[in-house]
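Enquirer: Got a structure for you, questions after.
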Amino acid sequence: MNKCLGCGSLLQYDNPNLEGYTSNKDATYCERCFRIKNYGDYKSIVKDNNTFINILKEINNTKSLVLLVVDIFNLPENFDVIVGNINNPILLVLTKRDILPKSIYEEKLLNYMDNYNLKVLDKIIVSSNKNYQLDELISKIKMYQTDDKVYVVGYTNAGKSTLINKLLYNYSNVLPTITTSLLPSTTLNSIEIKLDDKLTLIDTPGLLEENTIDNFIDVNLLKKVTPKKAIKPITYQVKTKQFIIIENLAKLSLKDNNITIFMSNDLKIERYFKDKELELETKQIEVEAGYDLVISGLGFIKFTKKEIIEISVLKGVKVYTRKSFI
Numbered sequence: 000m001n002k003c004l005g006c007g008s009l010l011q012y013d014n015p016n017l018e019g020y021t022s023n024k025d026a027t028y029c030e031r032c033f034r035i036k037n038y039g040d041y042k043s044i045v046k047d048n049n050t051f052i053n054i055l056k057e058i059n060n061t062k063s064l065v066l067l068v069v070d071i072f073n074l075p076e077n078f079d080v081i082v083g084n085i086n087n088p089i090l091l092v093l094t095k096r097d098i099l100p101k102s103i104y105e106e107k108l109l110n111y112m113d114n115y116n117l118k119v120l121d122k123i124i125v126s127s128n129k130n131y132q133l134d135e136l137i138s139k140i141k142m143y144q145t146d147d148k149v150y151v152v153g154y155t156n157a158g159k160s161t162l163i164n165k166l167l168y169n170y171s172n173v174l175p176t177i178t179t180s181l182l183p184s185t186t187l188n189s190i191e192i193k194l195d196d197k198l199t200l201i202d203t204p205g206l207l208e209e210n211t212i213d214n215f216i217d218v219n220l221l222k223k224v225t226p227k228k229a230i231k232p233i234t235y236q237v238k239t240k241q242f243i244i245i246e247n248l249a250k251l252s253l254k255d256n257n258i259t260i261f262m263s264n265d266l267k268i269e270r271y272f273k274d275k276e277l278e279l280e281t282k283q284i285e286v287e288a289g290y291d292l293v294i295s296g297l298g299f300i301k302f303t304k305k306e307i308i309e310i311s312v313l314k315g316v317k318v319y320t321r322k323s324f325i
């Protein structure tokens, strides 16, 4: 039975509510991928992380190189699920360099990843959109690969499929075929893509983050939340009690601090001197000086001073602090 070229699901013709459905028996894409590619429509297919974990266990039975692809703008809190299930050699690939300001030193970004205590062979920063350091990435893959197969893993929307499509376009005679979308879980099953006789890349479904904002907003808001070009940080100097509201998705209550917000340029970010009621869940959190406040999937805010703040977000969205990223 044939697989969908876009998401890797087995094509089936019986149930339109299940993955892989198409009414056309000559189709190479399922209906879901066809509509994503041609109309931008997105039909959610609910899959839990058991699928991802089972794939990791299969990878662990090999000695193949693994590309751990990470969205450098939306770094996860940890990589426990991934590194806890594989012992393969890992090449860390940080994607979407074009989203962060050019003024940020790449060496600092690479060194920051040491905070995760990942055991990796090497690290590299790339941009699929700008073709940045893709030649170097291919060289590193060929340097470290142990056989002809290289697995590509990471969280949802880390840029795995976009990266593979760009590698296909640049370094093979095969046209890019994998379905990409800003919505989570575009890839549903493993897809093998032969780059050349000595290298086959295997795209895998992304690990789902349950507490990221992507899961709680509609497509139109997600388009605003997702950065499309280099972000322009916004700095506020706060001397009295003030409120920062981000697109009605988050609200900060501050008293005395200097903060810099790193989020999509399309978001409406405003400062108020009086409180504004929003349908958000409020919590208190202590942010150390020189730390970031991370709103999962939305972005992060750098704090200059230590302060206990009130942060209001959509119910279910995770908020946490980390050592300053930038």
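To convert, note that position 313 of the sequence shown is 312 in numbering that gives the first Met the number 0; the numbers rise steadily by one, no gaps. Just so you know, even glycine gets a beta-carbon here, dropped at the ideal spot from N, CA and C.
Would you say the region 120 to 136 touches the region 192 to 205, given that touching needs at least three Cβ pairs under 8 angstroms?
Expert: Output reads no: the region 192 to 205 does not touch the region 120 to 136.
Enquirer: Can you give the Cα-Cα distance for L181 and N77, rounded to whole angstroms?
Expert: Position 182 of the sequence shown holds residue 181. Position 78 of the sequence shown holds residue 77. Because L181 sits at a pLDDT of 48, beneath the cut-off of 50, its placement in the model cannot be relied upon, and the point is left open.
Enquirer: Please return the same chain residues whose Cβ sits closer than 7 angstroms to the Cβ of S63, not counting the five positions on each side in sequence.
Expert: Within the sequence shown, numbered from 1, the residue matching residue 63 stands at position 64. Same-chain partners within the cutoff: N87, T145, D146, K148, V149 and Y150.
Enquirer: Thinking just about the alpha-carbon of each residue, which of Q11, S311 and V125 is nearest to the one in L279?
Expert: Residue 279 sits at position 280 when you count from the first residue of the sequence shown. Of the listed residues, the one whose Cα sits closest to L279 is S311.
Enquirer: Could you check how far apart the C-beta atoms of Y235 and I243 are, in whole angstroms? I think they sit under 8 angstroms.
Expert: In the sequence shown, the residue the question calls residue 235 occupies position 236. In the sequence shown, the residue the question calls residue 243 occupies position 244. Indeed they touch by this definition, with Cβ atoms about 6 angstroms apart.
Enquirer: Opposite K107 in the DSSP bridges: which residues?
Expert: Residue mapping note: residue 107 aligns to position 108 of the sequence shown, counting from 1. Looking at the DSSP assignment, K107 forms no beta bridge with any residue, so it has no partner.
Enquirer: Could you give the distance in angstroms between the alpha-carbon of D79 and the alpha-carbon of E30?
Expert: Translated into the one-based positions of the sequence shown, residue 79 becomes position 80. Translated into the one-based positions of the sequence shown, residue 30 becomes position 31. Roughly 34 angstroms between the two C-alpha positions.
Enquirer: If the criterion is Cβ atoms closer than 8 angstroms, does the pair L55 and I81 meet it?
Expert: Stepping through the sequence shown from its first residue, residue 55 is reached at position 56. Stepping through the sequence shown from its first residue, residue 81 is reached at position 82. Contact flag set, yes.
Enquirer: Among K240, F302 and Q283, whose alpha-carbon lies nearest the alpha-carbon of F272?
Expert: Taking the first residue of the sequence shown as position 1, residue 272 is located at position 273. When each option's Cα is compared against that of F272, the closest is K240.
Enquirer: Note down, one range per segment and in chain order, each alpha helix (DSSP H) of at least 4 residues found wholly within the region 22 to 88.
Expert: Qualifying alpha helix (DSSP H) stretches, in chain order: 30 to 38, 48 to 59 and 79 to 82.
Enquirer: With H, G and I counted as helix, E and B as strand and the rest as coil, what does DSSP make of L167?
Expert: The residue labelled residue 167 in the question sits at position 168 within the sequence shown. In the structure shown, L167 sits in a helix (DSSP, three-state: H, G or I).
Enquirer: Looking at the strands, I want to know which residues DSSP matches up with F215.
Expert: The residue you call residue 215 lines up with position 216 of the sequence shown. Its beta-bridge partners do not exist; DSSP assigns none.
Enquirer: Give the straight-line distance between the Cα atoms of T21 and G7, rounded to the nearest whole angstrom.
Expert: Position 22 of the sequence shown holds residue 21. Position 8 of the sequence shown holds residue 7. The alpha-carbon atoms of T21 and G7 are separated by roughly 13 angstroms.
Enquirer: Apply the 10 Å Cβ neighbour rule to N1 and answer buried if 16 or more other Cβ atoms are within range, or exposed otherwise.
Expert: Taking the first residue of the sequence shown as 1, we reach residue 1 at position 2. Label assigned to N1: exposed.
Enquirer: If you reduce the DSSP assignment to three classes, tell me which class L120 lands in.
Expert: Locating residue 120 in the sequence shown gives position 121, where the first residue counts as 1. Coil.
Enquirer: Using a Cβ-Cβ cutoff of less than 7 angstroms, which residues in the same chain neighbour T179 once the five nearest sequence positions on both sides are dropped?
Expert: The sequence position of residue 179 within the sequence shown is 180, counting from 1. In this predicted model, T179 has a pLDDT of only 49, less than 50, meaning its place in the structure is not dependable; the value taken from the coordinates is given anyway. Correct list, in chain order: S160, T161, N164 and T185.
Enquirer: Going by DSSP, what residues sit across from V286 in a beta bridge?
Expert: The residue given as residue 286 occupies position 287 in the sequence shown. In DSSP, V286 forms a bridge with E306.
Enquirer: How is K254 classed by DSSP in three states: helix, strand or coil?
Expert: As a first step, residue 254 is located in the sequence shown; it is residue number 255 there, counting from the start. In this structure, K254 counts as coil in the three-state DSSP scheme.
Enquirer: Specify the secondary structure class of I245 as computed by DSSP and reduced to three states.
Expert: Residue mapping note: residue 245 aligns to position 246 of the sequence shown, counting from 1. Looking at I245 - three-state DSSP - the assignment turns out to be strand.
Enquirer: Might you give, ordered along the chain, the residues of its own chain that have their beta carbon closer than 8 angstroms to the beta carbon of K231, omitting 5 neighbours on each side?
Expert: Walking along the sequence shown from the start, residue 231 turns up at place 232. Only P100 and N264 meet the Cβ criterion.
Enquirer: Taking only the alpha-carbon atoms, compute the straight-line gap between N210 and L9 and give it to the nearest angstrom.
Expert: The residue you call residue 210 lines up with position 211 of the sequence shown. The residue you call residue 9 lines up with position 10 of the sequence shown. Looking at the two C-alpha atoms, the distance is approximately 29 angstroms.
Enquirer: Could you work out which residue in V65, L166 and V125 is closest to N84 when comparing CA atoms only?
Expert: Along the sequence shown, one-based indexing puts residue 84 at 85. Taking only the C-alpha atoms, the option nearest N84 is V65.
Enquirer: Residues bridged to E208 by DSSP?
Expert: In the sequence shown, residue 208 corresponds to position 209, counting from 1. None, per the DSSP bridge assignment.
Enquirer: Taking 6 angstroms as the limit between beta carbons, can you name the residues of its chain near L207, skipping five residues before and five after?
Expert: In the sequence shown, counting from the first residue as 1, residue 207 sits at position 208. Same-chain partners within the cutoff: N48 and T155.
Enquirer: Kindly give me the distance between the Cβ atoms of L296 and I212, rounded to whole angstroms, as I take these residues to be in contact under 8 angstroms.
Expert: Walking along the sequence shown from the start, residue 296 turns up at place 297. Walking along the sequence shown from the start, residue 212 turns up at place 213. Per the sequence presented here, residue 296 reads as Gly, with Leu not at that position. That belief holds up - the Cβ atoms of G296 and I212 are roughly 4 angstroms apart, short of 8 angstroms.
Enquirer: Short of 7 angstroms in beta carbon distance, which residues of its chain neighbour D291, apart from the five on each side in sequence? Order them along the chain.
Expert: Residue numbering aside, residue 291 sits at position 292 when the sequence shown is read from its first letter. Contacts found: F299, I300, K301, T320, R321, S323 and F324.
Enquirer: Take Y168 as the anchor and find which of Y28, P226, K193 and S189 has the nearest alpha-carbon.
Expert: Start at 1 with the first residue of the sequence shown, and residue 168 comes out as number 169. Of the listed residues, the one whose Cα sits closest to Y168 is K193.
Enquirer: Compute the Euclidean distance between the alpha carbons of D341 and Y28, then round it to the nearest angstrom.
Expert: Residue 341 lies beyond the range of the chain shown here (0 to 325); nothing can be said about it.
Enquirer: Which same chain residues, not among the five before or five after K307, have their C-beta less than 7 angstroms away from its C-beta?
Expert: Start at 1 with the first residue of the sequence shown, and residue 307 comes out as number 308. The sequence given here places Ile at residue 307; Lys does not occur at that position. Only Q283 and E285 meet the Cβ criterion.
Enquirer: When the distance is taken between beta carbons, is Y143 closer than 8 angstroms to L90?
Expert: Looking up residue 90 in the sequence shown gives position 91. Looking up residue 143 in the sequence shown gives position 144. In contact: L90 and Y143 (Cβ atoms closer than 8 angstroms).
Enquirer: Give the DSSP bridge partners of Y20, in chain order.
Expert: In the sequence shown, the residue the question calls residue 20 occupies position 21. Y20 pairs with Q11.
Enquirer: Check whether the Cβ atoms of L220 and L313 lie closer than 8 angstroms to each other.
Expert: Start at 1 with the first residue of the sequence shown, and residue 220 comes out as number 221. Start at 1 with the first residue of the sequence shown, and residue 313 comes out as number 314. No, the pair does not count as a contact, with Cβ atoms beyond the cut-off.
Enquirer: From which residue to which residue does the alpha helix (DSSP H) around Y143 run?
Expert: Taking the sequence shown and counting its residues from 1, one reaches residue 143 at position 144. Per DSSP, Y143 belongs to the alpha helix (DSSP H) from L133 to Y143.
Enquirer: Distance, Cα to Cα, L266 vs N60?
Expert: Taking the first residue of the sequence shown as 1, we reach residue 266 at position 267. Taking the first residue of the sequence shown as 1, we reach residue 60 at position 61. Rounded to whole angstroms, L266 to N60 spans 44 angstroms at the Cα level.
Enquirer: Among the candidates P75, V69 and D217, whose CA atom is the shortest distance from the CA of V318?
Expert: For the purposes of this step, residue 318 is taken as residue 319 along the sequence shown, with counting starting at 1. Of the candidates P75, V69 and D217, the one whose C-alpha sits nearest the C-alpha of V318 is P75.
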